[in-house]
Structures are given as C-alpha cells and as structure tokens.
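See below for the structure under consideration.
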Amino acid sequence: RFFLDFPTEAARNDVTLPAGRVFFSGTCVDPELAQALGPTPGDVFVAPGSGVRLFGEGGVTTKRTDARNLYGALGETFLILGRFSLGPPPPPQASEDETPQQRAARERAEDEARGRAV
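My numbering puts the first residue of the sequence shown at 26, with every later residue one more than the last.
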C-alpha cells in the first residue's frame, strides 16, 4: 500500500479526486514465496534489485475522517475510487537528430511492446 497527497482537488475529464490522501493498494510477493507459489495469473512486474513481484492491478481508495465517524474514533472509513493498473515504462522519446532508420526501428519496437502487429 502506498499513497499520494493532493494539496488541492485534482480533476481530469469526468474524474475528480478530493484534496487529501489517496491510497493505492496492490499485491506484492517476495521472491522466495513467488517461487514456491509458481506461475501467477495476469501481469507481474519484478522490482529491480529486490526481486519483489508486483501484481499488475490494484485498488484506489481515499480515507474519510469526519464527524460521521467521530474523526477516526469509531474506526477509519475508506471510500473506493476505482482500480489502477501497472504497465511497462514508456519508450524513450525521439531526439531531434534521429535518422529515418532510427525512427523506424524505434516505432517498430514501440509497436511490438504494445502488442500491435508489425
């Protein structure tokens, strides 16, 4: 679980995130346990250096603490915002002095990484 703090409300298209802390919950498995479990369904990403396996999807929530739960005295209330997914890092951006052959090779690699037919 990790979080991002939003000092002000954030909005894009039809989605609005309230000011405050937004929590991202996902599943991770240490390398020894991952070997014992065997193959896992779905996308799994390996953290560089540690070998920790990160599953490719998770949930997004925000915590509500106000008078309705006596400001946390009656327990924490988490509101589900949706889901998130992880993906491979974006390919490097093209430089201005790129030759046509380099550009074609870069675009083929991008298409292959995205699963497009070449």
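Cβ coordinates follow ideal geometry from the N, Cα and C atoms, glycine included. Computed from a predicted structure; not experimentally measured.
Here DSSP, grouped into helix, strand and coil, assigns residue 112 to coil. With fewer than 16 other Cβ atoms inside 10 Å of its own Cβ, residue 41 counts as exposed. The closest CA to that of residue 39, considering only 106, 135 and 112, is found on 106. For residue 131, the enclosing alpha helix (DSSP H) has its first and last residue at 125-138. Distance between residue 79 and residue 69, taken at the CA atoms: about 5 Å. One alpha carbon belongs to residue 124, the other to residue 113, and they sit about 25 Å apart.
The shortest CA-to-CA distance from residue 34 to any of 95, 27, 46 and 28 is the one to 46. Under the rule that a run must span 3 or more residues, the beta strand (DSSP E) segments found entirely inside the stretch 36-84 read 40-42, 45-54 and 69-71.
Burial is judged here by how many other beta carbons sit within 10 angstroms of a residue's own beta carbon; residue 52 has fewer than 16 and is exposed.
Within the same chain, 31, 34 and 87 come within 8 Å of residue 43 by CB-CB distance, once the 5 residues on both sides are set aside.
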